[in-house]
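Undergrad:
Residue numbers (UniProt numbering), protein chains in the order written: chain A, 1 to 279; chain B, 1 to 319; chain C, 1 to 501.
#1: Within the 8 Å Cβ cut-off, does residue 67 of chain B reach chain A?
#2: Listed in chain order, which residues of the region 127-141 of chain C have Cβ atoms closer than 7 Å to some Cβ of chain A?
#3: Hey, does residue 293 of chain B have any beta-carbon neighbour from chain A nearer than 8 Å?
#4: To the nearest angstrom, report how far apart residue 264 of chain A and residue 12 of chain A are at their CA atoms.
#5: Do you know how far the Cα of residue 195 of chain A is from the Cα of residue 87 of chain A?
#6: Have a look at B/222, B/148, B/23 and B/14 and flag the residue whose alpha-carbon is nearest the alpha-carbon of residue 333 of chain A.
#7: Counting contacts by CB-CB distance shorter than 8 Å, is residue 239 of chain A in contact with chain C?
#8: Rounded to whole angstroms, what is the Cα-Cα separation between residue 198 of chain B and residue 239 of chain B?
#9: Please check if any C-beta of chain A sits within less than 8 Å of the C-beta of residue 319 of chain B.
#10: For residue 460 of chain C, which residues of its own chain have a beta-carbon under 6 Å away from its beta-carbon, when the five flanking residues on both sides are left out?
#11: Would residue 242 of chain A pass as an interface residue toward chain B - the criterion being a Cβ-Cβ separation below 8 Å?
#12: Distance, Cα to Cα, residue 207 of chain C vs residue 237 of chain C?
#13: Counting only runs of 4+ residues fully inside the region 449-487 of chain C, write out the alpha helix (DSSP H) ranges in chain order.
#14: Going straight from the alpha carbon of residue 119 of chain B to that of residue 104 of chain A, what length do you get?
#15: Go to residue 214 of chain C, then tell me how far its beta strand (DSSP E) extends in each direction, as first and last residue.
#16: I'd like to know if residue 340 of chain C contacts chain B, where contact means its C-beta is closer than 8 Å to some C-beta of that chain.
#17: Please determine, among C/62, C/87, C/99 and C/216, the residue with the shortest C-alpha to C-alpha distance to residue 153 of chain C.
#18: Once the 5 residues before and after residue 254 of chain C are set aside, which same chain residues still bring their CB inside 7 Å of it?
#19: If distances are taken between C-alpha atoms only, which option among C/217, C/132 and C/279 comes closest to residue 337 of chain C?
#20: Going by beta carbon distance, what residues of the same chain come within less than 6 Å of residue 284 of chain B, once the five residues before and after it are set aside?
#21: What span of residues does the beta strand (DSSP E) with residue 199 of chain C cover, start to end?
#22: Starting from residue 280 of chain A and walking both ways along the alpha helix (DSSP H), at which residues does that stretch end?
#23: Would you give the residue range spanned by the beta strand (DSSP E) that residue 131 of chain C belongs to?
#24: If the cut-off is 8 Å on Cβ atoms, which residues from the region 3-34 of chain B count as contacting chain A, listed in chain order?
#25: Is the shortest distance between the beta-carbon of residue 323 of chain C and the beta-carbons of chain A less than 8 Å?
#26: For residue 100 of chain B, which option in B/265, B/16, B/278 and B/227 has the closest C-alpha, if you only look at C-alpha atoms?
#27: From residue 97 of chain B to residue 34 of chain B, what distance separates their C-alpha atoms?
#28: Just list the residues that DSSP pairs residue 76 of chain C with in beta bridges.
#29: For residue 489 of chain C, would you say it is in contact with chain B, using Cβ-to-Cβ distances shorter than 8 Å as the test?
#30: What's the gap between the Cα of residue 90 of chain C and the Cα of residue 182 of chain C?
#31: Is there a C-beta anywhere in chain A that falls below 8 Å from the one on residue 246 of chain B?
#32: Applying the 10 Å Cβ sphere with the 16-neighbour rule, what's the burial state of residue 4 of chain B?
#33: Apart from the five residues just before and just after residue 305 of chain C, which ones in its own chain have a Cβ nearer than 7 Å to its Cβ?
#34: Report, in whole angstroms, the separation of the C-beta atoms of residue 47 of chain C and residue 58 of chain C, which I expect to be a contact under 8 Å.
#35: From the beta carbon of residue 90 of chain B, is the nearest beta carbon of chain C less than 8 Å away?
#36: Just how far apart, CA to CA, sit residue 429 of chain C and residue 414 of chain C?
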């Protein structure tokens with residue numbers, strides 16, 4: 001496929017894709033139970049053990065293997081990120097498209113509602129939603145989706161408005177195509193590029209938001225491993241067990257980095273004009 | 001002018017939306033100020049005690065009445081009384097906001113001082129090794145969450161230097177400027193790093209765009225020196241997206257940095273609002289959130305207007 | 001409306017800040033939670049109590065080992081049948097405005113506590129008072145409805161503080177601090193700081209410094225940092241993970257005392273299968289209490305039975321299944337008809353105590369070994385409280401408060417009309433009658449035996465599985481001498497502190 005080829009020829013795209021691929025493998029291994037140790041098993045005799053032959057990245061306060069927990073944690077974080085961004089994309093696209101299509105009152109209502117959501121700092125909005133529904137993975141997904149829906153709505157609405165006035169849509173309309181057909185065929189296909197870029201970047205933010213929520217104890221619940229929770233557990237132990245801090249910190253950083261690199265590369269591939277600029 | 005007018009008209013509408021949203025949201029959170037304050041001991045309250053507490057906290061009225069009262073107060077400039085602090089919400093905001101503002105300004109300063117020169121530098125050496133180094137750093141900087149950076153900073157400081165940042169009692173700028181700076185520098189760095197990375201990337205991109213434009217090429221072909229072209233022509237134009245980005249980021253920072261404030265134990269707006277949610281201090285949550293949203297919208301409005309003023313080429317569509 | 005006034009008071013007091021004179025010796029103190037109000041009779045939060053103990057005084061006070069010591073009263077005695085209790089007041093005791101503390105103030109204070117409209121938190125502890133007589137200015141006689149020995153201990157609480165009769169009449173208790181304690185409150189900004197000055201005419205004697213500056217630092221690591229940086233001289237710590245770092249820092253010293261409050265696994269006997277005695281006993285046998293203590297609290301505490309007061313505490317190894325015995329646990333489960341185990345949820349509050357999540361995970365892991373499959377529900381404090389009060393849980397990890405007297409501590413749970421019976425969800429005749437016996441027994445040794453029996457029975461019935469008590473931690477920098485830690489976490493010992501430098 002030429003698109004994938006173009007992406008892989010792109011320097012940062014290649015690196016980003018590699019990082020994400022490595023994490024994806026770790027995540028799949030983690031979620032299917034193929035970890036070096038049981039991520040939940042507590043080894044009483046190996047509490048707070050430094051990285052070594054048995055536990056490559058050391059153990060936590062309960063004697064659980066950090067590496068295995070990281071693998072599952074990545075899996076959970078990726079799952080939350082994918083599902084929440086997926087949800088935000090669908091809802092945001094529908095809202096953006098309909099707002100652009102019907103304009104008038106509906107457009108005003110939708111866009112003002114999005115303005116309201118956007119005027120909250122992301123983490124604060126997520127916090128409120130989690131507080132209402134109680135912490136958990138499902139709540140995190142919904143909360144993160146709500147936080148990032150306005151961005152997708154805006155991303156879709158702008159181009160949709162201008163595309164709508166373009167001649168091919170007019171032509172389709174005069175030929176009697178149904179509204180739904182025009183919306184999906186013509187508008188949506190032209191929105192694939194900006195949406196793909198936005199989705200990749202939103203995945204990076206979603207990872208961060210999930211980690212932040214878990215860090216505050218409002219995301220994934222123990223004993224399930226989560227990157228944010230592992231970081232927050234390390235807070236009071238970082239002097240005695242620095243590996244509890246460093247490995248999760250590096251993993252979060254690399255995962256976000258991977259999505260950012262991929263997002264940039266995608267933008268370049270879709271829009272070669274910016275290639276030199278942002279690469 | 002039509003655009004400005006429309007934006008100004010939308011402003012109260014969005015604020016009204018925010019007020020309704022936060023009012024309903026905080027009341028949907030289970031529990032109330034009574035259980036938050038007394039914990040399991042609230043089980044020992046008699047019905048009469050519970051009633052009088054509910055009346056005090058204003059929990060005995062229905063939502064419409066509560067909202068109406070709050071809105072009327074708001075229109076008179078009264079944000080209400082915080083039940084946990086026993087102080088007017090406006091007073092709490094005014095006590096905490098200077099810290100948040102200072103932190104936001106400091107982060108922006110760091111971001112611009114690092115990001116702008118780095119971006120311009122990279123743009124003038126595009127595709128050379130030094131450009132690559134800048135870009136790699138910018139990418140890493142942008143991908144490091146501020147709370148991870150904050151934790152790492154504390155770790156490096158405590159293990160490497162056997163000390164900890166002066167957390168705890170906040171030292172106001174007016175009391176001890178140096179102590180204040182020592183206290184805020186790490187949190188500002190944690191918040192400013194990703195910001196600086198973003199500034200680097202956007203200023204580099206903008207510089208490249210402009211250096212490729214006709215009028216810059218013309219200037220260059222007329223024999224003006226490279227640095228003259230950069231400083232006189234390219235940079236002022238490249239500043240437009242930087243201003244936009246900085247404005248938006250600054251608007252977010254004014255909302256307080258919940259986690260970084262938590263990690264460094266700084267009493268800013270982010271901490272206040274988190275505590276207020278946990279304490280079910282309705283008036284405080286509502287007041288602070290409204291204040292944050294107001295700042296954000298004002299900053300964005302200014303950014304938009306500045307953008308329109310700086311770049312006459314921009315023609316606005318509907319919003 | 002008492003809390004309403006309390007809150008308003010915070011504003012009034014905040015406005016009247018007074019700067020300490022130059023050269024004054026100030027003790028800088030840091031702790032993590034602020035008082036929720038200032039009315040000594042209605043406050044229950046530990047954070048409020050430790051501040052109020054510096055401002056107000058009860059008739060008697062509990063010492064470092066919870067022995068009863070004089071406070072406003074210089075002496076006291078029970079009548080032979082333990083139905084009247086007479087106090088002689090210290091004639092030197094004065095309120096902060098200089099007026100003497102009289103028998104009339106004591107009478108008015110207890111009448112306020114007993115008045116249901118006040119909403120006094122410890123009212124139930126004093127309801128056996130049927131009459132209060134004041135034969136002279138410095139003598140108070142309490143008539144009791146029957147022999148009631150625990151009441152003397154109960155009077156050692158700041159919830160029974162003596163306030164001026166005039167303040168009660170004026171309705172200013174809680175809005176204006178008018179106590180007889182060693183310090184006066186000069187200024188307070190809720191959730192930020194407070195300034196206390198030494199009350200020069202305090203009848204308890206002189207204090208070696210001039211005042212206390214309290215900083216509220218919600219983050220425990222921040223408290224440690226401010227100790228290290230010399231910003232705080234003395235601090236109260238809750239998180240053992242942070243406390244154990246104190247001795248590693250140069251120039252800092254840690255004080256510990258076992259707490260009265262206890263970490264416990266509450267089983268809900270009103271739900272299947274925890275209603276089965278053998279299931280509860282199996283859970284008790286399956287747990288390795290010392291191991292949970294070692295991991296969750298880094299060993300910072302002591303395994304305990306239900307009784308945690310120093311005078312009543314027994315060697316827990318004699319109690320039912322205090323040694324982990326998984327075979328016995330499995331056998332008990334099989335006998336109860338749950339050979340393959342069962343599933344249940346375990347509820348814990350997020351961050352309250354800080355060890356709750358760790359305890360839940362350790363219990364989950366240990367019970368999994370006998371086939372009990374627990375799912376953990378971490379709840380935000382408010383949600384937890386609602387579920388806890390409604391008895392809406394299978395199992396709950398809790399840190400429950402303790403009292404010096406076992407009767408006062410447990411009558412809310414383990415008597416038939418205890419007002420938290422629906423939280424305890426278990427009661428039997430033995431428990432109820434032992435509690436009633438303990439209430440009326442005046443002989444110390446006999447009381448001890450009654451409560452030891454109560455404890456044995458409670459551990460064997462295992463409605464809850466008592467785990468351990470932690471330590472209260474205080475820390476100070478070198479040069480701060482003379483503080484004695486107590487099981488209640490009281491900071492009253494600050495009056496004996498000297499500052500060098």
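Each residue gets a CB set at the ideal place from its N, CA and C atoms; glycine is no exception. Computed from a predicted structure; not experimentally measured.
TA: On the basis of the coordinates in this document:
#1: Cβ-Cβ to chain A under 8 Å: no for residue 67 of chain B.
#2: Flagged: no residues at all.
#3: Closer than 8 Å: yes.
#4: When rounded, the distance between both Cα atoms is 8 Å.
#5: CA-to-CA, the gap between residue 87 of chain A and residue 195 of chain A works out to about 13 Å.
#6: What the structure shows of chain A is the stretch from 1 to 279, and residue 333 of chain A is not part of that stretch, so it cannot be assessed.
#7: Interface flag for residue 239 of chain A against chain C is set, since a Cβ pair is found closer than 8 Å.
#8: If I take the Cα positions, the gap works out to 13 Å.
#9: Summary for residue 319 of chain B: the model assigns pLDDT 35, below 50, so the residue's position carries little reliability; its value from the coordinates is reported in the next sentence. With 8 Å as the cut-off, residue 319 of chain B counts as an interface residue toward chain A.
#10: 320, listed in sequence order.
#11: Residue-level contact by beta carbon holds for residue 242 of chain A and chain B, with a gap shorter than 8 Å.
#12: In a straight line, the C-alpha of residue 207 of chain C is about 24 Å away from that of residue 237 of chain C.
#13: Within the region 449-487 of chain C, no complete alpha helix (DSSP H) run reaches 4 residues.
#14: Those two C-alpha atoms are separated by around 42 Å.
#15: It spans 211-216 - the beta strand (DSSP E) in which residue 214 of chain C sits, taken as one unbroken run.
#16: Nearest CB-CB separation between residue 340 of chain C and chain B: not below the 8 Å threshold.
#17: Per the C-alpha coordinates, the member of C/62, C/87, C/99 and C/216 positioned closest to residue 153 of chain C is C/62.
#18: If the five residues before and after residue 254 of chain C are omitted, its C-beta is found closer than 7 Å to the C-beta atoms of 243, 246, 247, 473 and 475, all from its own chain and listed in chain order.
#19: Here the closest residue by C-alpha is C/279.
#20: These residues qualify, in order along the chain: 82, 89 and 276.
#21: Careful: residue 199 of chain C lies outside any beta strand (DSSP E) and carries neither H nor E.
#22: Residue 280 of chain A is absent from the model: chain A starts at 1 and stops at 279.
#23: 129-136 is the span of the beta strand (DSSP E), which, as asked, contains residue 131 of chain C.
#24: Residues passing the 8 Å Cβ filter: 10, 13, 14, 17, 18, 21, 22, 25, 26, 28, 29 and 30.
#25: Taking 8 Å as the CB threshold, residue 323 of chain C stays off the interface with chain A.
#26: When each option's Cα is compared against that of residue 100 of chain B, the closest is B/265.
#27: Taking the Cα positions, residue 97 of chain B is about 27 Å away from residue 34 of chain B.
#28: BP columns for residue 76 of chain C point to C/87.
#29: Answer no: the Cβ-Cβ gap between residue 489 of chain C and chain B never drops below 8 Å.
#30: About 15 Å.
#31: By this cut-off, residue 246 of chain B is not an interface position.
#32: By the Cβ-count criterion, residue 4 of chain B is exposed, with fewer than 16 other Cβ atoms from all chains shown falling within 10 Å of its own Cβ.
#33: In its chain, beyond the 5 residues on either side, 314, 316, 319, 455, 459 and 466 have a beta carbon closer than 7 Å to the beta carbon of residue 305 of chain C.
#34: No, residue 47 of chain C and residue 58 of chain C are not in contact; Cβ-Cβ is about 18 Å, not under 8 Å.
#35: By this cut-off, residue 90 of chain B is not an interface position.
#36: So the two alpha carbons sit approximately 10 Å from each other.
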